[in-house]
Amino acid sequence: MCWPRADAPSIFGSLLDPDAGSWTIRPRSDTHRTQQFYLSETNVLVTRFQTSDGIIEIDDAMAMTSPQRLVRRVRCVRGDVTVRSEFTPRPGYAQEEPSWSETTTSPHTIGFTTDELRLRLAASSPLERLGGTVRCEVGLAEGDELVFQLDEPGTDLPDDLIRHIDDVIATTVDYWKLWTAGGTYRGRYRGAVERSALALKLLTNRTTGGMLAAGTTSLPEHIGGERNWDYRFVWIRDAAFTVYALLELGHDAEADAFIGWLIDRVDECDQAGGSPLTPVYDLDGNAQLDETTLDWRGYEDSRPVRIGNAAAGQFQLDIYGELVDSLYLFDRKVRGLSIDTWDKIRLIIDYVIEQWREPDDGMWEIRAEPQRHTVSIMMCWVAVERAIRMAEFRGRPADLVAWRAARDEMHDTLVTEGWNEDLGAFTQTLGGDTLDASILLAPLVKFVDGRDPRWTSTLDAVTEHLAHGPLVDRYDTDRYDDGLTCEEGSFTICSFWRVEALARAGRVEEARRSFDQLLGYANPVGLFSEQIGPSGRQLGNTPQALTHLALISAAVALDEALDREEP
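Printed below as a string of structure tokens:
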């Protein structure tokens, strides 16, 4: 866990190293069964422990009222259970030693500070500090509660902390239920779609509007391997998928906030030299994300543990397609873009037209030599095509003759150099003979009709060579040099893209079967990581925004296809 936000240094990092800090609450007895679930239509997490002596439930919630705080409530549901809390913060990625302060009055509090951080732990029962660990051990009878609050000092605590935490959790539950009820999706997959929307809301910073790619860093894509990345940042690539999904679900305020974050990046574009945008930013829009490693053990000895992300310095052409597509959707469905923003978009399109023939690092951010990736060029086509639509829709100034010529040249290049007759498919790179599952975006971004013979042949090739049942690999790591050595799991986002592609191709029953199977790979609380391994185990950072965005889009497309088939 990081404080005060997800891209800040950690205070609890035991997921990646046992000595990097933790906060555990559990029965003192070592013999118990555990179950986790979210309260319906909320992001309040419940952990249930069943022991031979009784049952306790722990409610965890980030309060949706100011000031920022994490609240934890332990309730004895049945029997008599002794509960132990061990609070061991290791701030600054376990590189800073905190100073401690304690009070003996009620509620019981212990504070700790570093040069950058001041936090306070409050509890309804006495706290005891032993070195760097704060302990609390209490016997609970049926109906008893033990509560904790972690926050920044500065506000007075109520005398009755239990009642206070009960009120905070009740208010937070009401907030989430009201937010969920504001969604407009009423399709067949409401449970999965609503859980995805709730996860996306958790990944969104309420101050800046930016949405994190995932909530974690360095969870491995292959156990024991090096494919471990920091996803606690905002990727331009996620833009179109984010805006489309939020608008489809009726969460216009969140779409508006994210578009505001994107427009800030567009308005900052410097055309004096170099790329006008970088692929990834922090929540504030800073692009200096120097990638370093921590001397940590790593999840199940998977190293390195990275903080920061070198992708911020890569040359990725596809981001302009996702960016302009998201602005196009907003311009058509919500409100028109400003004159100043349109002027920056024109400069971006001129840049895309100038650069689209250049090799790039691709959608998958390879760490090898740049190549001319088919999907990068396809997304350049999307950028120019959507800009043409925006100009025509509102009569905006644009060099439409040059834009149309560039769009058509991109299209012709893709259908000639990007097509491999022997494979019967669009390929990973121009003139290549390998496949890439990112081509599944082609009908989704309207580059090709979902029933076009070339497309259905490509879909069959991806299914034959990259799919394992409903699971889809992004590419063959044995045939494509991405600069890394180890294997990886199947990509959940590609798997959901395939569902949507199948639905758009009219293969509705196959799409429905694959979608139902994919939902079975969710973790016990309904969330998805970036990948799914050969054993069905989730791999990579979690929860991954792009996967849940793809799930939503696939559900909407599948609903529409099923509605057309039903009498």
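Heads up, the final residue of the sequence shown is numbered 634 in this note's numbering, and it's a clean run with no missing numbers.
Note that CB positions come from ideal geometry on N, CA and C, so glycine has one too.
In chain order, what residues of the same chain have a beta carbon less than 6 Å from the beta carbon of residue i, not counting five sequence neighbours either side?
{"i": "Val260", "result": "Tyr252, Ile619, Ala622"}
{"i": "Leu194", "result": "His175, Ile177, Val201, Cys203"}
{"i": "Ile330", "result": "Thr408"}
{"i": "Arg364", "result": "Asp84"}
{"i": "Phe382", "result": "Asp427, Asp428"}
{"i": "Asp392", "result": "Ala307, Val449, Arg453"}
{"i": "Trp10", "result": "Here the chain covers residues 68 to 634 and nothing more, so residue 10 does not appear."}
{"i": "Leu585", "result": "Pro537, Ser562"}
Quick one, which of the options has its alpha-carbon nearest residue i's?
{"i": "Gly462", "options": "Ile406, Val150, Gln422", "result": "Ile406"}
{"i": "Thr222", "options": "Ser133, Gly249, Ala280", "result": "Ser133"}
{"i": "Ser602", "options": "Ile290, Gln102, Asp211", "result": "Ile290"}
{"i": "Glu293", "options": "Phe595, Glu459, Glu421, Tyr366", "result": "Tyr366"}
{"i": "Leu361", "options": "Ile374, Arg262, Phe514, Arg399", "result": "Ile374"}
{"i": "Ala578", "options": "Gly593, Ser596, Asp626", "result": "Asp626"}
{"i": "Gln102", "options": "Asp357, Gly88, Val592, Glu288", "result": "Val592"}
{"i": "Ile15", "options": "Arg140, His440, Arg139", "result": "No information on residue 15 is available, as it lies outside the stretch 68 to 634 that the chain covers here."}
{"i": "Asp86", "options": "Pro156, Val111, Ala75", "result": "Pro156"}
{"i": "Gly550", "options": "Ala435, Gln422, Thr359", "result": "Ala435"}
{"i": "Val419", "options": "Gly250, Ala377, Val451", "result": "Val451"}
{"i": "Leu569", "options": "Thr544, Ser524, Cys553", "result": "Ser524"}
{"i": "Pro158", "options": "Val141, Tyr395, Thr181, Val512", "result": "Thr181"}
{"i": "Arg299", "options": "Thr609, Arg631, Ala624", "result": "Thr609"}
{"i": "Ser152", "options": "Glu421, Leu213, Arg474", "result": "Leu213"}
{"i": "Arg257", "options": "Pro346, Leu316, Ile560", "result": "Leu316"}
{"i": "Gly380", "options": "Arg399, Gln598, Pro343", "result": "Pro343"}
{"i": "Ile444", "options": "Leu490, Ile506, Leu396", "result": "Ile506"}
{"i": "Gln162", "options": "Pro220, Gln216, Pro76", "result": "Pro76"}
{"i": "Val575", "options": "Glu459, Pro220, Arg136, Arg631", "result": "Arg631"}
{"i": "Glu425", "options": "Asp479, Thr496, Gly491, Val468", "result": "Thr496"}
Any idea if residue i is buried or exposed, counting beta-carbon neighbours within 10 angstroms, 16 or more meaning buried?
{"i": "Lys411", "result": "buried"}
{"i": "Asn295", "result": "buried"}
{"i": "Thr109", "result": "buried"}
{"i": "Thr359", "result": "exposed"}
{"i": "Val482", "result": "exposed"}
{"i": "Phe154", "result": "buried"}
{"i": "Glu389", "result": "buried"}
{"i": "Phe558", "result": "buried"}
Beta-carbon within less than 8 Å of residue i's beta-carbon, same chain only, minus the 5 sequence neighbours each way: which residues are those?
{"i": "Glu209", "result": "Gly121, Cys143, Val144, Arg145, Gly146, Asp147"}
{"i": "Val401", "result": "Leu314, Asp319, Ala322, Asp323, Ile326"}
{"i": "Asp334", "result": "Asp407, Thr408, Lys411"}
{"i": "Ala612", "result": "Ala266, Leu267, Leu270, Met278, Leu279, Ala280, Ala281, Asp305, Thr309"}
{"i": "Arg474", "result": "Trp448, Val451, Glu452, Ile455"}
{"i": "Ile123", "result": "Pro94, Arg115, Phe116, Val141, Arg142, Cys143, Val144, Val148, Val150, Leu207"}
{"i": "Tyr105", "result": "Val111, Leu112, Val113, Arg262, Leu265, Val592, Gly593"}
In the structure shown, what three-state DSSP assignment does residue i receive?
{"i": "Pro520", "result": "helix"}
{"i": "Asp349", "result": "coil"}
{"i": "Phe514", "result": "coil"}
{"i": "Phe382", "result": "coil"}
{"i": "Met477", "result": "helix"}
{"i": "Arg273", "result": "coil"}
{"i": "Glu219", "result": "coil"}
{"i": "Tyr547", "result": "coil"}
{"i": "Ile123", "result": "strand"}
{"i": "Ser505", "result": "helix"}
{"i": "Leu538", "result": "strand"}
The alpha helix (DSSP H) spanning residue i covers which residue range?
{"i": "Ile416", "result": "406 to 422"}
{"i": "Asp466", "result": "Neither: Asp466 is in no alpha helix (DSSP H) and is coded neither H nor E."}
{"i": "Gly388", "result": "386 to 400"}
{"i": "Arg257", "result": "257 to 269"}
{"i": "Gln584", "result": "575 to 586"}
{"i": "Cys561", "result": "559 to 571"}
{"i": "Phe79", "result": "Note, Phe79: premise wrong, no alpha helix (DSSP H); not H, not E."}
{"i": "Arg230", "result": "228 to 248"}
{"i": "Gly635", "result": "This structure gives no information on residue 635, because the portion of the chain shown stretches from 68 to 634."}
With respect to the beta strand (DSSP E) encompassing residue i, which residues constitute its N-terminal and C-terminal limits?
{"i": "His615", "result": "Segment 612 to 632 is the alpha helix (DSSP H) holding His615; no beta strand (DSSP E) there."}
{"i": "His440", "result": "That residue, His440, is in no beta strand (DSSP E); it is neither H nor E in DSSP."}
{"i": "Phe154", "result": "136 to 155"}
{"i": "Ser96", "result": "Neither: Ser96 is in no beta strand (DSSP E) and is coded neither H nor E."}
{"i": "Phe179", "result": "175 to 180"}
{"i": "Gly327", "result": "No beta strand (DSSP E) holds Gly327; the alpha helix (DSSP H) holding it covers 319 to 334."}
{"i": "Gly206", "result": "200 to 208"}
{"i": "Val113", "result": "112 to 118"}
If I measure Cβ to Cβ from residue i and keep anything under 7 Å in the same chain, skipping five residues before and after, which residues do I get?
{"i": "Arg413", "result": "Ala465"}
{"i": "Phe179", "result": "Pro156, Pro165, Ser166, Trp167, Leu186"}
{"i": "Leu350", "result": "Arg72, Asp74, Asn272, Thr275, Gly277, Val301"}
{"i": "Thr544", "result": "Glu554, Glu555"}
{"i": "Tyr242", "result": "Met131"}
Got a sec: is the Cβ-Cβ distance from residue i to anything in chain D below 7 Å?
{"i": "Ala570", "result": "This model lacks chain D altogether, as it is built from one protein chain only."}
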